[in-house]
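Notes follow the structure.
Residue numbers (the working numbering), protein chains in the order written: chain Y, 15 to 271; chain L, 294 to 661.
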C-alpha cells in the first residue's frame, strides 16, 4: 500500500534547499496541483534567480531559467507564443519585488494570462542573507546589520496590496506555509491560480510567506513561529483580489472615486 | 520583373520579418526605429500575430527570450541606448542558444547621445555587447532592399545556428525611402525539438537555460559554442567588392558609409586613382579573408565609419597590418560627404606613392 508518494510533476532530483526551508513545501504543492489538474504535459515553468534558481531541475514539465526579475516578461513571451500552454513563474522577493518590480506590475496591469508564485521570506537567501524589499522594519540582515531602518531604506513592500490597486489582475492571495491549516489554504490558492489561467481569466499571483531559518538565524521551528509573530501582522493573509468572486480592494467598491 | 514598392528601410525590415514567418514582436518606443514598431502594431493583429509594447527594453528582450524558448520566430528592435538595456537579455539568449532577431537602428552616443544616424555601436554589436564569451551574427544592410533581404536571412541564420542575430542598421538606412521588392523565396522553418511546447507526456522535459554552476561543464559549453562560431566564420562571411579588381586604395565601409564611399571611389577613379571598396555585409563574422587578399594589390586601406575608429580595428586585424590603415570618419550623428572621403583617398594615394615615406595625417580632423 502506498501511503506517500512524490507528485509526478516533481523529478527525482534531490532539492538543494537548506534544512527547514519551506521552498520544498511550496514546490510540492505546485507539483501536486499540476498532477491534480492533469496539466503537466502542457505546462511550462519559469525559474527565477535566487534560491529557486534550479527549480528547472525539480519540475517535470518544460522549464526555462529567466534573468533576475524578468520571469513575468519571459512568461509573457512563452504564453503569447503558445497560448495553449499553462505558464507559471516561481520567484522570490528580491526577484519579484525588487529588481523585477516593473515586470511584475506590468504583467499584472496587462492581466497577462499567467500564474505567478511569489515566495516571500523577507530576505535574499541565495546570496547569503541580505536585506530584501520585504525585510521587516528592524530586521537584522547582512546588509542591515543594525536592523532595517526605514529612514535609510524605506518600508517593506506589500505586493498583494500594491497590485490590488491595479485594474488589471484577476486574483491575488497571500498565504503561508508555516502550519497544516495554512498549507491547506495555500494548496487551494495555488490550484485556483492555475485554474484561472486554464479558464482564461488572466493574471493570478499567490504570495507565500515562507521560512528561511538559515539566514534568519533561527531553528526551523522558531522560523515557523516567526512567520506568525512577525510576518503575518505586517503581511496579513487573505484574498486581496478575486474579480470573478467580486472581491476587490475598497477603492474599487461602488461609491468610491 | 517583380513589383517594387516605395518604402522606408524600417518598414521594409518589419514587412520582411512577417514574410519570414515572424508573428511575435516585442518592443519599446525609441527614435529612430519607431516605424518598425508602428508597422508591427498595425499588421500583427491582422495576421494573428502578437505585437506587444513592453514596459521597457529589458522586458521586451526577455519576452523575446520566452517566445524564442517556445519555438516561434520572434523579433525586437531598438536604437543604441535601448540596445544597451537589452544587452543582458541578449547575453542570456546567446547563453541558452536561442534564436532571435534584434534590430539596432543606431543613433549617436554615448549616453543619451542624439537621434541622428551613427555606427558607434560597432564594438558592442561585433564583440557581443553583454557579459560573457559570445558573439552575435551581425548583418549590416546598406539599402532598403537589403533591409528586407537581410532580415529574411537573419531569421534563417538564427534558426540554423540557434543564435541571436543582430541587424545593425542606422538612422539613415531606417528612415530613407527606396523601391523594394519582396519577391523572396522563403525556406521552411526548421523543426525545434528543443522548444518549450509542453512535454505532452511524450518526452522528457525540455529546459532552456544559461546557468551551469560546474566550471567544467560551463567551460565545455563555451568550447562547444565556439566550435559552432568557427563553423559560422567558415561558412557565413559576406562582403561586396566594388571596383576592387585592381584597387590600390581600398576603402572599407558598411551601411550608409559604404554608399557615400562608392561615390568617392567613382570620383577618384575619374582622376586615375585606382580606388575600390570592400563592404562587409556580415560584420561578425568579419570578411577578413577578403581584406587580406586585397593587400596583394592595395597600397593602403581607409576605414570609413560613422564612429571614432571602431571598424578600423577589424581592418587592421584582417590585413595583419601589412599596409597602412587610415581613418576617415564623422561621429555624433554626422555623415561624411563624398568630398571628405575623396580627399582621404587622394591623401592616402600620395602618402603611399612608391618612393614616398611621408606620414599620413588622419583625415578625420577635417570638416569639423
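By construction, the Cβ of each residue, glycine as well, lies at the ideal position given by its N, Cα and C atoms.
Taking any Cβ of chain L, which residues in the segment 46-58 of chain Y have a Cβ under 8 Å from it, in chain order? 54, 55, 56, 57 and 58
Members of the segment 64-79 of chain Y near chain L, C-beta cut-off 7 Å: 67, 70, 74, 75, 76, 77, 78 and 79
Check whether the segment 31-38 of chain Y touches the segment 65-75 of chain Y, taking contact to mean three or more Cβ pairs, one atom from each stretch, closer than 8 Å. yes
What did DSSP end up calling residue 487/L once you bin it into helix, strand or coil? coil
Tell whether a beta-carbon distance below 7 Å holds between residue 135/Y and residue 226/Y. yes
List the residues of chain Y that residue 385/L touches, going by C-beta distances under 7 Å, in chain order. 81
Any beta-carbon of chain L closer than 7 Å to the one on residue 92/Y? yes
Taking CB distances under 7 Å as the criterion, tell me whether residue 222/Y reaches chain L. no
On the criterion of 16 or more Cβ atoms from any shown chain inside 10 Å, does residue 414/L qualify as buried, or is it exposed? buried
Kindly say whether residue 84/Y, judged by its beta-carbon, lies nearer than 7 Å to any beta-carbon of chain L. yes
Residue range of the unbroken beta strand (DSSP E) whose run includes residue 369/L: 367-371
Proximal chain L residues relative to residue 88/Y, where beta-carbon distance stays under 8 Å: 355, 356, 358, 359 and 362
With a 10 Å radius around its C-beta and 16 neighbouring C-beta atoms as the bar for buried, classify residue 15/Y as buried or exposed. exposed
Name, please, each residue of chain Y whose Cβ falls closer than 7 Å to the Cβ of residue 498/L. 74, 75, 76 and 77
Do residue 188/Y and residue 236/Y have their C-beta atoms closer together than 7 Å? no
Tell me the DSSP secondary structure of residue 642/L in three-state form. helix
Where does residue 298/L land, buried or exposed, given buried means 16+ other C-beta within 10 angstroms? exposed
Would you mind sorting residue 643/L into buried or exposed? The rule is 16 or more other CB atoms within 10 Å of its CB. exposed
Residues of the segment 302-325 of chain L with Cβ closer than 8 Å to any Cβ of chain Y, in chain order: 317 and 319
For residue 99/Y, which residues in chain L fall below 9 Å Cβ to Cβ? 363, 489, 490 and 491
Does the beta-carbon of residue 369/L have 16 or more other beta-carbons within 10 angstroms, so that it is buried, or is it exposed? buried
Taking only beta-carbon atoms, is residue 658/L less than 7 Å away from chain Y? Legend: pLDDT at residue 658/L = 42, less than 50; position of this residue unreliable, value from coordinates given subsequently. For residue 658/L, the answer is no, since every Cβ of chain Y falls outside 7 Å of its Cβ.
What is the DSSP secondary structure of residue 655/L, counted as helix, strand or coil? A caution first: residue 655/L carries a pLDDT of 46, below 50, which makes its placement in the model unreliable, though a value can still be read off. Coil at residue 655/L, not helix or strand.
Residue 502/L: contacting residues in chain Y (beta-carbon distance under 7 Å): 70, 78 and 79
So is residue 337/L buried or exposed if we call it buried at 16+ other beta carbons inside 10 Å? buried
For a minimum of 3 consecutive residues, which ranges assigned as the beta strand (DSSP E) are wholly contained in the segment 305-386 of chain L? 317-320, 343-346 and 367-371
In the DSSP output, which residue or residues are listed as bridge partners for residue 104/Y? 131/Y
Looking only at its chain, what residues have a beta carbon closer than 7 Å to the beta carbon of residue 424/L, apart from the 5 residues adjacent to it on each side? 384
Contacting positions in the segment 610-631 of chain L - beta carbon closer than 7 Å to chain Y: none
With distance defined between alpha-carbon atoms, name the residue in 375/L, 478/L, 345/L and 517/L nearest to residue 426/L. 517/L
Using the C-alpha atoms, what's the distance from residue 331/L back to residue 659/L? Any reading at residue 659/L must be qualified, since the residue scores a pLDDT of 44, below 50, and its modelled position is unreliable; no value is offered.
Residues bridged to residue 220/Y [DSSP beta-bridge criterion]: 131/Y and 187/Y
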